[in-house]
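K.L.:
Numbering of the sequence shown is given in the UniProt record's numbering, commencing with residue 1 and proceeding in unit increments.
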Amino acid sequence: MSGSILGDLPVLPLAESFALTAAYKTDSSPNKVNLGQGVYRDKWCQPWVLPSVRAAEELLHKERVNHEYLAIQGDESFNQKARELLFDSRISQQKNIRTVQTIAGTGANYLAASFCARHIRPKKVFISNPTWDNHYEIWKTAGPEITQQLYPYYNSNERCLDFGGMVKELEKGEENDVVVLHPCAHNPTGHDPTRDQWKSIAEVIARRRLFVVFDSAYQGFASGDPDADAWAIRHFYSIFFSDVSVSQKPLPAGMIVCQSFSKNFGLYGERIGALHLVSPPSVSTQGAFTHLTQLARAQISCPSLFGARIVNTILSDNSLRQTWEQDVKTMALRIRDVRSALRSELERIETKGDWSHIERQIGMFSYTGLSRQQVEMLKNQYHIYMLGNGRMSMSGLNEENVAYVAQAIKDVVEC
Ligand code: PLP
Numbered sequence: 001m002s003g004s005i006l007g008d009l010p011v012l013p014l015a016e017s018f019a020l021t022a023a024y025k026t027d028s029s030p031n032k033v034n035l036g037q038g039v040y041r042d043k044w045c046q047p048w049v050l051p052s053v054r055a056a057e058e059l060l061h062k063e064r065v066n067h068e069y070l071a072i073q074g075d076e077s078f079n080q081k082a083r084e085l086l087f088d089s090r091i092s093q094q095k096n097i098r099t100v101q102t103i104a105g106t107g108a109n110y111l112a113a114s115f116c117a118r119h120i121r122p123k124k125v126f127i128s129n130p131t132w133d134n135h136y137e138i139w140k141t142a143g144p145e146i147t148q149q150l151y152p153y154y155n156s157n158e159r160c161l162d163f164g165g166m167v168k169e170l171e172k173g174e175e176n177d178v179v180v181l182h183p184c185a186h187n188p189t190g191h192d193p194t195r196d197q198w199k200s201i202a203e204v205i206a207r208r209r210l211f212v213v214f215d216s217a218y219q220g221f222a223s224g225d226p227d228a229d230a231w232a233i234r235h236f237y238s239i240f241f242s243d244v245s246v247s248q249k250p251l252p253a254g255m256i257v258c259q260s261f262s263k264n265f266g267l268y269g270e271r272i273g274a275l276h277l278v279s280p281p282s283v284s285t286q287g288a289f290t291h292l293t294q295l296a297r298a299q300i301s302c303p304s305l306f307g308a309r310i311v312n313t314i315l316s317d318n319s320l321r322q323t324w325e326q327d328v329k330t331m332a333l334r335i336r337d338v339r340s341a342l343r344s345e346l347e348r349i350e351t352k353g354d355w356s357h358i359e360r361q362i363g364m365f366s367y368t369g370l371s372r373q374q375v376e377m378l379k380n381q382y383h384i385y386m387l388g389n390g391r392m393s394m395s396g397l398n399e400e401n402v403a404y405v406a407q408a409i410k411d412v413v414e415c
């Protein structure tokens, strides 16, 4: 006993991806490769400010903007543009979608979890196994009384989505239980349901009357096409929450979509995101929205300006929007190219095993299938850093280091 409760608290490990980045920074090896952090890097493995973002920054600089507080729900013009990007311009006008600006995707997830804990009161929250590890932390912190029920997501033998396992687990849900879904570029596996599989998932969710939380952190990253990557969200809206769906019974209890602009606008440190609350067609969002903003007031009081201004400027201007669409394609294509380069190199040097999954997966990450021990060896012997579960952030690869990484993988796989 230390005489103060503060001294009795045990030391916790740093979150893995942050610990890896810190270790990478202090590594003096000229061969070091950072495949740990979920950030986009250009072909020189350097941070990339999107040309659309640079242009918006310059416009804002000329405008000599002020720095007043925003409203609790954020900037209305940004909120409208964020909604349009996610839902399309027609759906985004509907009265049953209300938006709050958030502190990036993390803030949106936290606000969603605290809103659900307080007002939806689920017994369980269904979270994919594996997932972005902060989902577990966020729900543990915001809803400690809610049981986290992990649904199978990944079939490690076949290296594909475990669709059967997922649906079977969701069938155990009860009314108002929450299900957290990744609409595209699932982190960490890079495997998404097909459109037909989404339709079946939607059917189970409606039958069990679950409350849906979509976590959209990679719109545009998966395919290079922001509309295609929003398909699952728009499908859920149109079958459950549009006027047409009134005739359809049963319906899910409601839906929240968490939207991050960190990856698709490269605005990581600006912490810009949004939360969209969607109610069934005949149900008013008015009261629920005031409860949401009350929580936002307690959590952040009012959100940050700069990222909202950048995103709003880009999405409000046709020419900047086109530049941004090109920027997203540039990122998605580079990631596709390094996937194919890594697979080709592994196959060229005849690395034991099947490496086709690297190209089948999409988005920022590859779930390589390397074991924890192999990942440790890559770090300790080759200065190559990636998450212990074998998740590799693809944009840390380039023409210069891909052969080195492939050879190191061959060495640890075959030793
Ligand atoms: N959700 C998922 C699935 C993610 O992968 C991430 C980031 O890695 C986030 C949310 C949070 O992103 P942000 O940086 O916007 O908080």
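Backbone N, C-alpha and C define an ideal beta-carbon position, used for all residues, glycine too. Keep in mind it's a predicted model, so treat the numbers as computed, not measured.
Is there at least one non-hydrogen atom of ligand 1 closer than 7 Å to the beta-carbon of Asn-398?
P.N.:
Taking the first residue of the sequence shown as 1, we reach residue 398 at position 398. Flag unset: Cβ of Asn-398 not near ligand 1.
K.L.:
Would you mind listing the beta strand (DSSP E) stretches within the stretch 363-404 that are 3+ residues and don't spill past its ends, in chain order?
P.N.:
Counting only runs of 3 or more, we get 365-367, 391-393.
K.L.:
Contact between the stretch 138-146 and the stretch 220-237 is defined here as three or more beta-carbon pairs at a separation below 8 Å; is this criterion met?
P.N.:
no
K.L.:
If you run the structure through DSSP and keep just helix, strand and coil, what is Gln-93?
P.N.:
Against the sequence shown, residue 93 aligns to sequence position 93. In this structure, Gln-93 counts as helix in the three-state DSSP scheme.
K.L.:
Would the stretch 336-345 and the stretch 397-411 be scored as touching if the rule is three or more Cβ pairs under 8 Å?
P.N.:
yes
K.L.:
Alpha carbon to alpha carbon, what distance is there between Ser-156 and Asn-31?
P.N.:
As a first step, residue 31 must be located in the sequence shown, where it is residue number 31. As a first step, residue 156 must be located in the sequence shown, where it is residue number 156. A direct Cα-Cα distance of roughly 30 Å separates Asn-31 from Ser-156.
K.L.:
Quick one: complete alpha helix (DSSP H) runs, 4+ long, within the stretch 202-237?
P.N.:
226-229, 231-236
K.L.:
Find the nearest neighbour of Ser-316 within the set His-61, Lys-81, Gly-254, Arg-297, judged by alpha-carbon distance.
P.N.:
For this step, residue 316 is matched to residue 316 along the sequence shown. Checked all of His-61, Lys-81, Gly-254, Arg-297; the closest Cα to Ser-316 is Lys-81.
K.L.:
Can you give the Cα-Cα distance for Pro-122 and Asp-27, rounded to whole angstroms?
P.N.:
Position 122 of the sequence shown, counted from the start, is the residue given in the question as residue 122. Position 27 of the sequence shown, counted from the start, is the residue given in the question as residue 27. Cα to Cα, Pro-122 sits roughly 45 Å from Asp-27.
K.L.:
At which residues does the alpha helix (DSSP H) containing Phe-163 begin and terminate?
P.N.:
Against the sequence shown, residue 163 aligns to sequence position 163. Element bounds for Phe-163: 163-170.
K.L.:
Comparing alpha-carbon positions, which option in Asn-96, Ser-304, Tyr-151, Glu-359 lies nearest Ala-71?
P.N.:
Numbered from its first residue, the sequence shown carries residue 71 at position 71. Out of Asn-96, Ser-304, Tyr-151, Glu-359, Ser-304 has the C-alpha closest to the C-alpha of Ala-71.
K.L.:
What distance in whole Å lies between the Cβ atoms of Gly-307 and Asp-215, which are believed to be in contact at a cut-off of 8 Å?
P.N.:
If you number the sequence shown from 1, residue 215 lands on position 215. If you number the sequence shown from 1, residue 307 lands on position 307. A Cβ-Cβ separation of about 18 Å leaves Asp-215 out of contact with Gly-307 under the 8 Å criterion.
K.L.:
Spatial neighbours of Gly-388 within its chain, please: C-beta separation below 8 Å, excluding the five flanking residues on both sides.
P.N.:
One-based indexing of the sequence shown puts residue 388 at position 388. For Gly-388, where only same-chain residues beyond five positions count, the Cβ hits under 8 Å are Glu-16, Arg-372, Val-375, Glu-376.
K.L.:
Since Pro-188 contacts Pro-250 with CB under 8 Å, what's their CB separation in whole angstroms?
P.N.:
Translated into positions along the sequence shown, residue 188 becomes position 188. Translated into positions along the sequence shown, residue 250 becomes position 250. Their Cβ separation, rounded to whole angstroms, is 33 Å, which puts Pro-188 and Pro-250 out of contact at 8 Å.
K.L.:
Thinking just about the alpha-carbon of each residue, which of Ile-409, Glu-414, Met-392 is nearest to the one in Tyr-40?
P.N.:
Here residue 40 refers to the residue found at position 40 of the sequence shown. Out of Ile-409, Glu-414, Met-392, Met-392 has the C-alpha closest to the C-alpha of Tyr-40.
K.L.:
Taking the C-alpha atoms as reference points, what is the distance between residue 421 and Val-179?
P.N.:
Outside the displayed span of the chain (1 to 415) sits residue 421, for which this structure offers no information.
K.L.:
Mind the definition here: the stretch 95-115 touches the stretch 182-197 only if three or more C-beta pairs lie below 8 Å; say whether that holds.
P.N.:
no
K.L.:
Considering only residues of the same chain and omitting the five flanking positions on each side of Val-11, which have a CB-CB separation below 8 Å?
P.N.:
By one-based count along the sequence shown, residue 11 stands at place 11. Scanning its chain for C-beta atoms nearer than 8 Å, with the 5 sequence neighbours on each side dropped, one finds no residue around Val-11.
K.L.:
Taking 8 Å as the cut-off, decide whether the C-beta atoms of Leu-60 and Ile-384 are in contact.
P.N.:
In the sequence shown, the residue the question calls residue 60 occupies position 60. In the sequence shown, the residue the question calls residue 384 occupies position 384. No.
K.L.:
When you compare only the Cα positions, how much space is there between Val-53 and Ala-217?
P.N.:
Position 53 of the sequence shown holds residue 53. Position 217 of the sequence shown holds residue 217. Each residue's alpha carbon lies about 18 Å from the other.
K.L.:
Classify Pro-193 as buried or exposed, calling it buried when 16 or more other Cβ atoms lie within 10 Å of its own Cβ.
P.N.:
Locating residue 193 in the sequence shown gives position 193, where the first residue counts as 1. So Pro-193 ends up on the buried side.
K.L.:
What's the C-alpha gap between Ile-358 and Ser-260?
P.N.:
On the sequence shown, position 358 is the one that residue 358 refers to. On the sequence shown, position 260 is the one that residue 260 refers to. Going from the Cα of Ile-358 to the Cα of Ser-260 covers about 25 Å.
K.L.:
Compare the Cα-Cα distances from Ile-300 to each of Asp-162, Gln-101, Glu-137, Gln-37 and report the closest residue.
P.N.:
Taking the sequence shown and counting its residues from 1, one reaches residue 300 at position 300. Looking at the Cα atoms, Gln-101 is the closest of the given residues.
K.L.:
What distance in whole Å lies between the Cβ atoms of Pro-280 and Ser-242, which are believed to be in contact at a cut-off of 8 Å?
P.N.:
Translated into positions along the sequence shown, residue 242 becomes position 242. Translated into positions along the sequence shown, residue 280 becomes position 280. Wrong, their Cβ atoms sit about 10 Å apart, outside the cutoff.
K.L.:
Could you tell me the alpha carbon to alpha carbon distance between Phe-240 and Lys-25, rounded to whole angstroms?
P.N.:
Taking the sequence shown and counting its residues from 1, one reaches residue 240 at position 240. Taking the sequence shown and counting its residues from 1, one reaches residue 25 at position 25. The straight-line gap from Cα to Cα measures roughly 48 Å.
K.L.:
Thinking C-beta only, is Ala-230 closer than 8 Å to Leu-50?
P.N.:
As a working mapping, residue 50 is identified with position 50 in the sequence shown. As a working mapping, residue 230 is identified with position 230 in the sequence shown. No. Outside cutoff.
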